[in-house]
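All residue numbers for the sequence shown refer to the working numbering, where the first residue is 7 and numbers rise by one.
Report on the following structure.
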Amino acid sequence: MNTARHDHRRLGRELALFGTDPLIGAGLPYWLPDGAAVRHAVEEYIREAEGRAGYSHVYSPVLGKRELYEISGHWSHYADDMFPPMELADGEQVVLRPSLCPHHAVLYRSRAHSYRELPLRLAELGGMYRSELSGVLGGLSRVRAIQLNDAHIFCTLDQVADEAHAALEMIRDAYRALGISAARYRLSLPGPGGKYAAAPDTWRRATAVLADVLERSGLPYEAAEGEAAFYGPKIDVQVADAAGREATLSTVQVDFHQPERFDLTYVGADSARHRPVMVHRTVIGSVERAVAQLIEVHGGAFPAWLAPVQVLALPVTDGQADEAGDFVRRCREAGLRARFAGPEAGSLSARIRADRLVPYQAVIGEREAAAQAVALRLRDGRRLDPMPGDEAVARLSAHVKARSTELWSPCGVRA
Ligand SMILES: [Zn+2]
């Protein structure tokens with residue numbers, strides 16, 4: 007399945023999912039309507055999954071004062087990857103953020119917290135920016151403007167293992183629903199000579215917790231030196247692209263450093279102030295890289311719940327155009343992404359071929375129109391017995407809502 011033919015840049019162009027323009031700039035892709043539909047479905051899945059897992063969603067701005075990143079440590083450890091600061095008229099410098107962590111730390115600090123509120127899980131699908139060199143930029147996998155599926159869990163040291171474990175479970179569930187698989191799990195440790203914050207003892211503690219979580223999950227993993235974040239070790243979930251190149255999609259990180267830098271506290275059962283631990287985690291990483299991966303893994307034939315167009319209504323002749331139009335309208339009312347392809351777009355077989363990546367094609371001939379029915383064709387060539395239009399809408403929307411990677415449940419399929 008994973009071949010060069012499935013290079014997401016090529017498919018992105020052919021399927022009109024996204025594009026770039028020198029006038030906007032390298033590494034700054036835009037999303038066309040069909041690509042935006044896929045992205046929206048992914049984002050919706052993530053928000054729902056996080057809601058079920060007890061996360062609260064927040065918004066924070068993509069800009070922050072330089073001082074914010076001086077406190078977080080990004081300025082001294084990460085400045086090479088940041089865009090230069092913007093100087094405002096009053097002499098203040100603001101920066102396009104290279105990560106969401108400092109904003110979330112400040113957000114946590116904006117009010118007092120009791121140990122009863124912990125673990126406090128704050129999530130955001132937020133923008134961040136990296137000043138990558140133009141030579142490494144490509145399609146959606148290496149970009150300068152990133153939409154990150156991010157979250158920070160503020161918790162006690164005792165809660166870290168369970169939170170990290172639950173995050174790994176979310177990652178595994180998401181991969182199952184999206185139809186992607188992990189190439190390997192990596193425990194990323196500091197390397198010799200790198201610029202790392204926090205004391206060695208802190209690093210050892212954090213590393214022991216993550217290694218334990220990986221052992222407990224029964225996941226095979228490799229330790230890799232030099233791959234840690236500057237503030238702590240992390241579990242990286244690696245995926246491979248169509249050319250076999252590996253990239254990190256998901257991460258779980260333990261951080262004792264930023265709570266210290268931002269002086270984060272909670273009031274314990276003993277009424278004293280304590281320092282929380284910050285767990286940084288992302289389920290699908292950047293939305294850009296996740297969609298690039300989806301395009302390559304599925305070769306553009308997305309699972310129905312992710313497909314830009316889920317249902318295509320095909321009147322055999324102009325005589326059934328009204329019925330087909332009505333079917334499109336009913337699909338849309340049920341929340342399905344449906345489109346109409348009439349005879350002006352070519353013969354029936356030509357229309358079916360042109361939209362062969364659409365999971366469901368509803369053919370409406372004279373007989374179906376008279377019976378208010380549709381004959382569904384599945385993307386893999388299977389044909390279902392004609393069924394009433396209402397039943398088709400109900401079954402399609404139930405299948406899409408279930409977010410299955412299967413094209414259809416087997417009942418009623420004619421071989
Ligand atoms: Zn973070």
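Think of the CB as a built atom: it goes at the ideal place given N, C-alpha and C, for glycine as much as any other residue.
- Per DSSP, cross-strand counterpart(s) of Gly25: Tyr36
- Secondary structure of Phe262, DSSP reduced to three states: Residue state, collapsed to three classes: coil.
- CA-to-CA distance, Gly305 to Met7, given in whole angstroms: Below a pLDDT of 50, predicted positions are generally treated as unreliable, and Met7, at 47, falls in that range; no measurement from the model is reported.
- Query: Hey, quick one: how far does the beta strand (DSSP E) through His286 stretch, first residue to last?
  - Reply: Bounds of the beta strand (DSSP E) holding His286 are 283-288.
- Proximal residues to Ile177 (C-beta, below 7 Å), its chain only, five neighbours per side dropped: Val243, Ser256, Val289
- Query: Listed in chain order, which residues are found with a beta carbon closer than 5 Å to a heavy atom of ligand 1?
  - Reply: Any residue whose Cβ sits closer than 5 Å to a heavy atom of ligand 1 makes the list: Cys107, His286.
- Item | Within the stretch 336-385, ranges of the beta strand (DSSP E) (whole runs, at least 3 residues) | 344-346, 366-370, 379-384
- Message: Taking the straight line between their C-alpha atoms, what separation do you get for Asp13 and Ala47?
- Response: Roughly 21 Å between the two C-alpha positions.
- Give the secondary structure of Ser403 by DSSP, where H, G and I count as helix, E and B as strand, and everything else as coil. helix
- Could you say which of Glu302, Val142, Glu54, His119 lies nearest to Ala248 if we only look at CA atoms? Comparing Cα-Cα distances from Ala248 to each of Glu302, Val142, Glu54, His119, the minimum goes to Glu302.
- Message: Quick check on this structure: which residue in Ala404, Gly33, Tyr366, Ala59 has the alpha carbon closest to the alpha carbon of Arg136?
- Response: Gly33
- Item | Cβ-based burial, Arg383 [other Cβ within 10 Å; buried from 16] | Around the C-beta of Arg383, 16 or more other C-beta atoms lie within 10 Å, and the residue is accordingly described as buried.
- When the Cα atoms are used, what is the spatial distance from Glu374 to Leu318? Within the model, the alpha-carbon separation for Glu374 versus Leu318 is close to 15 Å.
- Query: In the stretch 212-272, which residue ranges form an unbroken beta strand (DSSP E) of at least 3 residues, counting only runs that do not cross its ends?
  - Reply: 227-231, 240-246, 252-261
- Query: Whole-angstrom Cβ separation of Arg19 and Val293, contact assumed at under 8 Å?
  - Reply: About 19 Å; that fails the 8 Å criterion.
- If you draw a straight line from the C-alpha of Glu266 to the C-alpha of Asp168, how long is it? 22 Å
- Would you say Phe262 and Arg115 are within 7 Å of each other, going by their C-beta atoms? No; because the gap between Cβ atoms is not below 7 Å, this pair is not in contact.
- Message: Using 8 Å as the cut-off, can you tell me whether the stretch 85-105 makes contact with the stretch 137-145, which would need three or more C-beta pairs spanning the two stretches below that distance?
- Response: Yes, the stretch 85-105 touches the stretch 137-145.
- Item | Neighbour-count burial assignment, Arg335, 16 or more Cβ in a 10 Å radius | exposed
- Item | Tyr2 versus Asp276, Ala246, Pro196, Arg148, residue with shortest Cα-Cα distance | Any question about residue 2 goes unanswered here, given that the chain covers just 7 to 421.
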